[in-house]
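What follows is a short report on a single structure.
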Amino acid sequence: MKLGSLKEGGRDGTLIVVSRDLSKAVKATGVAATMQAALDDWSNVAPRLNALSEDLNAGKAQGAFELDMAALASPLPRAYEFVDGSAYLPHVERVRRARGAEVPESFYTDPLMYQATSAGFLGPRDPVVVPSEDYGIDLEAEVVVVTDDVPMAVTAAQASEHIQLVGLINDVSLRGLIPAELAKGFGFLQSKPRSALSPVLVTPDELADAWQGDKLHLPMRTWLNGQWFGEAECGVDMQFSFAQLVAHAAKTRPLTAGTIVGSGTIANEDTGKGASCLAEQRTVETLRDGKPSTPFLTFGDTLRIDVTDAAGASIFGSIEQVIAPLKR
């Protein structure tokens, strides 16, 4: 099934079930008011939501309406926790090589992960608002999963059972602010503003054969200002599966239902697939040409992130955003 949230009903939105082709939706009235409420009682709520999904896709759901992407909030408008990994080692290796840094051996056996911004997520059509272009505005096209309650110290096999939803995210980064923050040795803060989730989150079974080994095996398609930018394969060169990432996050603490776990920027060894963030492309250019030629985003630039099935139909709905200045 596919789930989303309308921009109504308060900060946590109103939960809706969305049709497979993303054309219609129905409110989950009487089942769960919000996405978080559904995740809090997932084992009981999910079968009822699934029944509603079957009725909607069969054209039998009462109260069904045409889906307007602009009316959607983030599927999970705010989350208790968002932890973001960096599971694609080609990305890590290139970025570090470009600045003359080595990749620690531990990165090949122990996931790299940080505590990200979760107090609020942008809707899939909301602008990315930034105070200054000088901050080095970048997109990062990633896959995310959402969990139910995950006990502390689970194994990867156990963690797999707690992955309930899959989606996309534009994990916005301000590259100009990152070096000074990391130099302090205490991680990201100002350099990681709010991110945007895809219009819908889907259950793993909705992905059929595209979900194997707790990885999404489809290309991540990205466009900038209407021009193709990349289609890196999500299931290729991913060093750690989502089950491993969830288990890593839960090593010393339980994860609350509604925790979002990110894959990190999708990147392949094959640079012919393009890139999923500007820093990646600039790094490839620097290693090849001695300097980058692709600029970071500026006000008025547009981006689009999507994953499609074999027939070319969008699975999660596309993230489509414009870069906008902060109005003071």
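In this note's numbering, the protein residues as written are 4 to 331.
For glycine and all other residues, C-beta sits at the position ideal for the given N, C-alpha and C.
Out of S46, L70, F189, A54, the CA that lies nearest to the CA of V203 is found in L70. Straight across, the Cα-Cα distance linking R331 with S135 is about 12 Å. Beta-bridge partners assigned by DSSP to L221: none are found. For L18, the enclosing beta strand (DSSP E) starts and ends at 17-21.
For V169, the enclosing beta strand (DSSP E) starts and ends at 166-173. Per DSSP, the beta-bridge partners of M116 are G88. Taking a C-beta distance under 9 Å as the contact criterion, R23 and E209 qualify as a contact pair. Take F319, set aside five residues on each side of it, and the residues of its chain with a beta-carbon closer than 7 Å to its own are G170, L171, S201, P202, V203, V205, V310, in chain order. Boundaries of the beta strand (DSSP E) harbouring Q230: 230-236, taken from the DSSP string. Ranked by how close their Cα comes to the Cα of D312, the residues G7, E323, W214, T301 have W214 in first place. Only buried fits R97, as 16 or more other CB atoms lie within 10 angstroms of its CB. The stretch 10-23 makes contact with the stretch 73-80; the number of CB pairs closer than 8 Å reaches 3 or more. For Q39, the uninterrupted alpha helix (DSSP H) run begins and ends at 38-43, by DSSP. About 7 Å separates the Cβ atoms of T120 and F85, confirming a contact at the 8 Å cut-off. A distance below 9 Å separates the beta carbons of P328 and V132.
Straight across, the Cα-Cα distance linking D141 with A278 is about 12 Å. Under the three-state reduction of DSSP output, L192 falls in the coil class, being neither helix nor strand.
In the three-state DSSP reduction, A159 falls in the helix class (H, G or I). Annotation: A250 is outside any beta strand (DSSP E); the continuous alpha helix (DSSP H) that includes it extends over 245-252. By the C-beta criterion, the stretch 185-198 is judged not to be in contact with the stretch 273-291, since fewer than 3 inter-stretch pairs fall below 8 Å.
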